[in-house]
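See structure below.
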Amino acid sequence: MLEAKLAEAGTLKKLLDAIKELVTDANFECNEEGINLQAMDNSHVALVAVHLEAAGFKRYRCDRPMPLGVNLTSLTKVLKCAKDDDITTLKAADEADVLNLVYEAKNSDRIAEYDMKLMDIDSDTLGIPDTEYDARVTMPSAEFTRVVRDLSQLGESVRIEVSKEGVRFASEGEAANGSVLMKQTDDDEDTQAITIEMNQHVSLTFSLKYLVNFSKSASLCPRVQLMMSNDVPLLVAYDFGQGYIRYYLAPKIGD
Amino acid sequence: KGGQKSLANFFGPP
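In order, the protein sequence lines correspond to chains X and Z.
Heads up, the first sequence is in this note's numbering, so the first residue is 150 and it goes up one at a time.
Heads up, the second sequence is in this note's numbering, so the first residue is 386 and it goes up one at a time.
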């Protein structure tokens, strides 16, 4: 059986917000180390991988590995019934077709209980090769959100170029072009810092609508990392104490 | 205009 007690429903709500536009159904793979989810969008252009560490829960027990097939729209509805600071327990029996969610109010005696139907999901899990990336950019997640939202007003794609100068995001639209250069900052201890580690110049083009989707994870984590090598998928990584959410996005190819 | 690659071009079965 699974029993996982989270300090705050808000964490799950934010996670769901960060993946529900990409994926409709997904297996939450539970084992004694925690909960993992890996899913691709319908067009197989983007992949999201989530990990929640067992140690990050107030209480965590999972006797044997079990997949919980979840419709994310349904889970979003059930989570809307929780206050952000409700203590939240997820429970499922072995071979169960129901996920039980209990919300305990922090400052009152309210206890709410919901049962959600689980489903069988055939998911084609992919092996993600260990990659040495040629460039790693670390920046405030809110800045990343801003850049991709701004440029998505102009065009469908963005070219991301990393050089010694900094990281440049450029988009060409029918009516307007735009580019944003973010220079490396001196003080990399600052939470607003932009850090660039680079072995070689990289330049890649991606679809902005996916990046806008990924950037919703900014609510989980103040920093984001972009990992890039020429001609391989971009990795956008948000690490938030209790685990991580990572997105992979296949590049667009030349004109 | 360029085309969109699929992740299947890069990631294989586990």
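From the three backbone atoms N, C-alpha and C, an ideal C-beta is built for every residue, glycine too.
All of these numbers come straight from a predicted model, not from anything done at the bench.
Please tell me whether residue 392 (chain X) and residue 196 (chain X) are closer than 7 Å, where the distance is taken between their beta carbons. no
Within the 7 Å Cβ cut-off, does residue 358 (chain X) reach chain Z? no
Per DSSP, what kind of secondary structure is residue 386 (chain Z) in: helix, strand or coil? Bear in mind that the predicted position of residue 386 (chain Z) carries a pLDDT of just 47, short of 50, making it unreliable; the figure below should be weighed with that in mind. Residue 386 (chain Z): coil per DSSP, three-state reduction.
At the level of alpha carbons, what is the spacing between residue 400 (chain X) and residue 150 (chain X)? 40 Å
For chain Z, check one thing: does any of its Cβ atoms lie closer than 7 Å to the Cβ of residue 277 (chain X)? yes
Looking only at C-alpha atoms, which of X:269, X:221 and X:383 sits nearest to residue 170 (chain X)? X:221
Mapping DSSP to helix, strand and coil, what is residue 292 (chain X)? helix
Put residue 109 (chain X) into one of helix, strand or coil per three-state DSSP. Any property of residue 109 (chain X) remains undetermined from this structure, which presents chain X solely from 150 to 404.
Cβ shell of residue 218 (chain X) (< 6 Å), same chain only, five flanking positions each side left out: 176, 267, 268, 269 and 270
Answer with buried or exposed for residue 190 (chain X), where buried requires no fewer than 16 other C-beta atoms within 10 angstroms of its C-beta. buried
Strictly by DSSP, which residues pair up with residue 200 (chain X)? Answer is X:185 and X:393, bridged to residue 200 (chain X).
Roughly how many angstroms lie between the CA atoms of residue 198 (chain X) and residue 187 (chain X), to the nearest whole one? 4 Å
Quick check on the burial criterion: 16 or more other C-beta atoms within 10 angstroms. Buried or exposed for residue 319 (chain X)? Buried.
Residue range of the unbroken alpha helix (DSSP H) whose run includes residue 363 (chain X): 357 to 363
Mind pulling the chain Z residues with CB within less than 9 Å of residue 193 (chain X)? 391, 392 and 393
Where residue 361 (chain X) and residue 308 (chain X) are concerned, what is the direct C-alpha to C-alpha distance, given to the nearest angstrom? 14 Å
From the beta carbon of residue 270 (chain X), is the nearest beta carbon of chain Z less than 7 Å away? no
What are the start and end residues of the alpha helix (DSSP H) that includes residue 168 (chain X)? 158 to 168
When the cut-off is 7 Å and only beta carbons count, does residue 196 (chain X) lie next to chain C? Protein chains in the displayed structure are X and Z, and chain C is not among them.
Among X:203, X:354 and X:227, which residue has its Cα nearest to the Cα of residue 306 (chain X)? X:354
Go through its chain and collect everything with a Cβ distance to residue 344 (chain X)'s Cβ below 6 Å, but skip five positions before and after it. 287 and 337
What residue range does the beta strand (DSSP E) around residue 401 (chain X) cover? Where residue 401 (chain X) is concerned, there is no enclosing beta strand (DSSP E), because DSSP gives it neither an H nor an E.
Starting from the beta carbon of residue 252 (chain X), find every residue of chain Z whose beta carbon is closer than 9 Å, and list them in chain order. Neighbours of residue 252 (chain X) on chain Z: none; closest Cβ ~35 Å, over 9 Å.
Can you check which of these residues, X:214, X:373, X:325 and X:204, is closest to residue 292 (chain X) by C-alpha distance? X:373
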